[in-house]
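Straight run, no breaks: the sequence shown in the UniProt record's numbering ends on number 93.
The structure under discussion appears below in the form of structure tokens.
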Amino acid sequence: MRSLKKHLDTKLKNKSFKEKFEEEKELVSISIELQALREKKGLSQSDLAKKAHVTQQQLSKIENGVNCNLATFLKVCHALDLEISIKNRKLSA
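Set out below in structure tokens:
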């Protein structure tokens, strides 16, 4: 039986799979970070949802890496006093 790492390494050679894998990895990373920030501020999901004017279910989906509406995401970020910025992943030559 192949190890998970070997299997993943093989799958990541496929460009389409790799792109989707990287997107999901980024979603999960953001979700984990938002949850950690919420917990650091001592807020429950219900507390933050009220502060952000979203439902607790919407917040739960964000924290579980489920793709969400951008407006909902921004409400949650603003309620956590986070500023969102966009930067180019590729460095200019």
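All C-beta atoms in this analysis are idealised placements derived from N, C-alpha and C, irrespective of residue type, glycine included.
Could you tell me the alpha carbon to alpha carbon distance between serine 16 and histidine 7, rounded to whole angstroms? When only Cα atoms are considered, serine 16 and histidine 7 end up about 16 Å apart.
Within the continuous alpha helix (DSSP H) that includes valine 54, where are the two ends? First-last for valine 54: undefined, no H or E at that position.
Can you check which of these residues, Asn69, Asn88, Phe73, is closest to leucine 82 by C-alpha distance? Of the listed residues, the one whose Cα sits closest to leucine 82 is Phe73.
Report yes or no: do three or more beta-carbon pairs, one from the region 15-33 and one from the region 45-53, lie closer than 8 Å? No, the region 15-33 does not touch the region 45-53.
Less than 7 Å separating the Cβ of asparagine 64 from some heavy atom of the ligand HEM? Because no ligand of any kind appears in the structure shown, any question about the ligand HEM cannot be addressed here.
When you compare each of Lys41, Cys68, Gly42 to valine 54 by their alpha carbons, which one comes out closest? The shortest Cα separation from valine 54 among Lys41, Cys68, Gly42 belongs to Cys68.
Among Lys5, Glu63, Ser85, which one has its Cα closest to the Cα of valine 28? The candidate whose alpha carbon is nearest that of valine 28 is Glu63.
Shortest alpha-carbon distance to arginine 89 belongs to which of Thr10, Leu12, Glu22? Of the candidates Thr10, Leu12, Glu22, the one whose C-alpha sits nearest the C-alpha of arginine 89 is Glu22.
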